[in-house]
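In what follows, a structure is listed as structure tokens, so that the remarks can point back to it.
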Amino acid sequence: MERRVVFSGWLFPALLLLPQLAVTLVFFFWPAAQAILQSVRREDAFGLSTRFVGAENFTAVLGDPFYLASAETTLLFSIAVAVLALGAGLLFAVMADRVVRGAAIYKTILLLPYAIAPAIAGVLWLFLFNPSIGVVAVALRRLGIDWNYLLDADQAMLLVVLAAAWKQISYNFLFFLAGLQSIPASLLEASAIDGASPRRRFWTIVFPLLAPTSFFLLVVNIVYAFFDTFGVIHNVTQGGPAKATEILVYKVWYDGMVGLDLGSSAAQSVILMAIVIGLTAIQFRFIERRVHYA
Amino acid sequence: MMVTARSSAWVPHAVLITGLMLVLFPVYVAFVGSSLTASDILDAPMSLIPGPHLFENFARALGSGTVKTSGEPVAAMLLNSLVMALVIAGGKILISLPSAYAVVFFRFPLRRLCFWAIFVTLMLPVEVRIIPTYKIAADLSLIDSYAGLTLPLVASATATLLFRQFFLTIPDELVEAAKIDGAGPWRFLIDTVIPLSRTNIAALFVILFIYGWNQYLWPLLVTNTPSMTTIVIGIRQMIGNGDTQTEWHIVMATTLLAVLPPVLVVLLMQRWFVKGLVEAEK
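Here the protein sequences line up with chains A and B, keeping their order.
To convert a position in the first sequence, counted from 1, into my numbering, add 43.
To convert a position in the second sequence, counted from 1, into my numbering, add 16.
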């Protein structure tokens with residue numbers, strides 16, 4: 044879309060664009076270029092010289108069983124977070140759409156986790172499930188469940204998934220509720236008059252009409268689980284036990300800042316960039332389609 | 017109005033109340049934790065009824081922090097977080113509103129290229145350019161400074177896109193009228209476009225304030241001295257490796273202090289924020 048009537052001149056718009064372009068250039072393009080450059084080079088042990096090694100860092104990363112394990116962990120983690128957060132968000136939105144009394148209070152409180160940092164969500168859940176002091180951990184032990192996520196890989200994964208999904212429910216709830224409220228009431232009334240039960244109305248009318256929102260949210264949730272959950276992992280498990288919760292973003296940070304393996308970390312960064320570009324492209328293809336048909 | 021069977025009317029309430037408990041329980045337990053003593057908590061399981069030490073714990077957190085954070089008071093961390101959130105939110109709006117205005121209301125060479133250059137930054141979050149961005153911040157001696165904490169996060173494709181979308185809906189007649197009145201692009205921006213964008217600016221401010229306040233990875237990299245610690249990072253340091261030395265009562269008081277400002281912003285500006293969020297992502 045373009046405007047018909049515009050102002051003339053180029054100096055003024057250039058000045059207006061300058062600050063944003065400058066920040067973008069220095070802090071986005073320059074480091075991205077550095078990452079790509081670094082990813083095809085290797086430093087010697089003393090950091091004195093670097094040489095071009097082509098795709099060697101990439102083949103090393105992609106052939107590394109630890110990297111592949113981390114990729115698998117990330118996939119499992121992201122799917123679990125997305126399914127849980129989307130399911131809960133949809134359930135609460137459908138219910139909030141049906142109530143009249145108390146609707147404002149339900150909505151306000153369900154929004155609260157949006158304001159809470161993923162890292163803080165991690166701390167709140169850590170406090171509940173810490174094996175030595177957590178109230179839920181103690182309750183679980185009394186029920187005969189041997190709860191110690193510091194030793195048990197599955198329990199560690201469960202805990203970080205819960206904490207990460209908890210924070211994301213608000214966002215999904217909000218979008219599903221907006222989607223539900225944009226469905227014309229006449230459509231639902233007509234089907235009710237035809238004798239369709241609420242369950243049938245949901246699956247034949249509401250659910251298909253929510254499909255675009257759901258797809259958009261699925262991409263957003265996966266991006267969130269991939270990139271914004273570093274704080275959850277760093278606070279709750281530090282990637283452990285035995286790297287069982289080491290997602291890709293955590294590994295880039297760990298290998299680069301703790302392990303100081305710059306070539307590998309850069310190659311991992313470039314792979315992550317490719318993943319974000321892919322996800323963003325999917326998202327925008329979908330948005331274009333929605334603009335055409337909505 | 018649709019008729020709902022009476023027997024099912026309680027189901028939505030039951031589900032929603034479960035939802036509220038799910039949201040509030042972790043926060044409530046943190047609140048109780050912040051009102052107990054260290055030994056009350058270590059003597060697991062701690063009580064679920066608030067104790068009498070709430071004000072004492074908050075005062076200690078705000079005034080002197082914990083041993084693990086080198087006694088850095090949480091009040092100072094709150095100030096760092098506030099500066100970070102305000103500069104990021106204000107900065108993003110301040111640089112993306114003019115750039116969107118330039119892209120929408122002018123025709124000049126390389127206009128599309130400029131727009132795309134801003135747009136693709138959506139695909140380069142800090143998380144994927146960690147080490148090189150850190151290196152650049154170090155080269156520009158931005159480590160342990162407010163500039164280092166905020167500048168790399170200030171460019172925002174989201175805000176630019178939102179303003180662009182809104183500017184495209186401003187009627188051509190308004191631009192023509194301004195031109196007839198002899199108003200140049202600067203006057204039109206100040207007298208017409210910015211006043212019209214007030215709601216969008218408010219909505220965006222809420223979203224960006226929360227984004228800024230909740231930053232984790234970048235502050236973790238770019239700050240090392242205790243005096244530059246933000247509150248979200250401070251909590252991480254207070255927990256350490258979660259051994260018996262962890263002063264959980266102070267950690268929980270600090271956690272509540274870290275949650276309070278963004279929660280208040282969301283509550284007070286709920287209407288704008290909801291509208292802005294749903295529209296920003298369209």
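From the three backbone atoms N, C-alpha and C, an ideal C-beta is built for every residue, glycine too.
Only a predicted model underlies this, so the values are computations on that prediction, with no experimental measurement involved.
Residues bridged to residue i [DSSP beta-bridge criterion]
| i | result |
| --- | --- |
| Thr93(A) | Glu86(A) |
| Phe122(B) | Phe50(A) |
Status (buried if at least 16 other CB within 10 Å, exposed otherwise) for residue i
| i | result |
| --- | --- |
| Val143(A) | exposed |
| Leu237(B) | buried |
| Gln224(A) | exposed |
| Asp298(A) | buried |
| Met17(B) | Its pLDDT being 46, under 50, Met17(B) is placed unreliably by the model, and the measurement read from it follows with that caveat. Its Cβ having fewer than 16 others within 10 Å, Met17(B) is exposed. |
| Ala206(A) | buried |
| Arg141(A) | buried |
| Ile206(B) | exposed |
| Pro56(A) | buried |
| Val124(A) | buried |
| Glu143(B) | buried |
| Asn257(B) | exposed |
| Arg47(A) | exposed |
| Phe269(A) | buried |
| Pro174(A) | buried |
| Ala139(A) | buried |
| Phe327(A) | exposed |
Residue i versus the options, residue with shortest Cα-Cα distance
| i | options | result |
| --- | --- | --- |
| Leu94(B) | Val282(B), Thr262(B), Leu283(B), Ile249(B) | Ile249(B) |
| Val262(A) | Ala103(A), Gly222(A), Ile318(A) | Ile318(A) |
| Thr272(A) | Arg185(A), Glu289(A), Gly130(A), Phe218(A) | Glu289(A) |
| Val209(B) | Pro114(B), Arg127(B), Val275(B) | Pro114(B) |
| Ala196(A) | Ile320(A), Val313(A), Lys286(A) | Lys286(A) |
| Pro277(B) | Glu72(B), Ala101(B), Gly256(B), Ile255(B) | Ala101(B) |
| Thr246(B) | Thr176(B), Pro141(B), Ser97(B), Asp59(B) | Ser97(B) |
| Val43(B) | Met254(B), Ala269(B), Val294(B) | Ala269(B) |
| Ile251(B) | Arg123(B), Arg76(B), Val90(B) | Val90(B) |
| Thr102(A) | Phe327(A), Ala309(A), Trp73(A) | Ala309(A) |
| Val294(B) | Ser51(A), Thr256(A), Lys294(A), Gly283(A) | Thr256(A) |
| Phe50(A) | Ala25(B), Ala194(B), Arg214(B) | Ala194(B) |
| Val103(B) | Val39(B), Asn240(B), Ser161(B), Gly79(B) | Ser161(B) |
| Leu253(A) | Ala324(A), Ala146(A), Leu134(A) | Leu134(A) |
| Ala131(A) | Ser213(A), Asp189(A), Asn191(A) | Ser213(A) |
| Pro28(B) | Ala112(A), Gly145(A), Phe172(A), Leu60(A) | Gly145(A) |
Beta carbon of residue i nearer than 8 Å to that of residue j
| i | j | result |
| --- | --- | --- |
| Thr85(B) | Pro242(B) | yes |
| Thr82(B) | Thr67(A) | no |
| Ala75(A) | Leu291(A) | no |
| Pro168(B) | Trp234(B) | yes |
| Val275(A) | Pro108(A) | no |
| Gly292(B) | Leu220(B) | yes |
| Asn264(A) | Gln198(A) | no |
| Gln77(A) | Ile111(B) | no |
| Ser307(A) | Val104(A) | yes |
| Ile226(B) | Val281(B) | yes |
| Trp209(A) | Phe124(B) | no |
| Ala46(B) | Leu224(B) | no |
| Met316(A) | Leu129(B) | no |
| Ala116(B) | Arg76(B) | no |
| Thr166(B) | Ile163(A) | no |
| Thr151(A) | Leu283(B) | yes |
| Ala194(A) | Pro284(A) | Residue identity differs from the one stated: residue 194(A) is Leu in this sequence, not Ala. Cβ atoms of Leu194(A) and Pro284(A): closer than 8 Å. |
| Leu129(A) | Val39(B) | no |
| Ala54(B) | Ile109(B) | no |
Given 8 Å, three or more beta-carbon pairs between the stretch 157–172 of chain A and the stretch 195–210 of chain A: yes
Inter-stretch contact at 8 Å, needing at least 3 Cβ pairs: the stretch 34–52 of chain B / the stretch 64–72 of chain B: Counting C-beta pairs closer than 8 Å gives three or more between the stretch 34–52 of chain B and the stretch 64–72 of chain B, which meets the contact rule.
Sufficient close CB pairs (3 or more, under 8 Å) joining the stretch 225–234 of chain A to the stretch 67–87 of chain A: The stretch 225–234 of chain A, when compared against the stretch 67–87 of chain A, does not touch it at the 8 Å Cβ threshold.
Given 8 Å, three or more beta-carbon pairs between the stretch 296–310 of chain A and the stretch 31–38 of chain B: no
At least 3 beta-carbon pairs within less than 8 Å: the stretch 155–166 of chain A vs the stretch 244–251 of chain A: no
Meets three-Cβ-pair contact criterion under 8 Å: the stretch 213–228 of chain A and the stretch 249–262 of chain A: yes
Three or more C-beta pairs below 8 Å linking the stretch 275–283 of chain A and the stretch 148–165 of chain B: no
Cβ pair count under 8 Å reaching 3, the stretch 91–106 of chain A against the stretch 165–182 of chain B: no
Sufficient close CB pairs (3 or more, under 8 Å) joining the stretch 176–187 of chain A to the stretch 52–62 of chain B: yes
Cβ contact (3+ pairs, closer than 8 Å) linking the stretch 252–268 of chain B and the stretch 191–200 of chain B: The stretch 252–268 of chain B, when compared against the stretch 191–200 of chain B, does not touch it at the 8 Å Cβ threshold.
Cβ-based contacts, 8 Å cut-off: residues of the stretch 264–276 of chain B near chain D: Here the protein chains are A and B, and chain D is not one of them.
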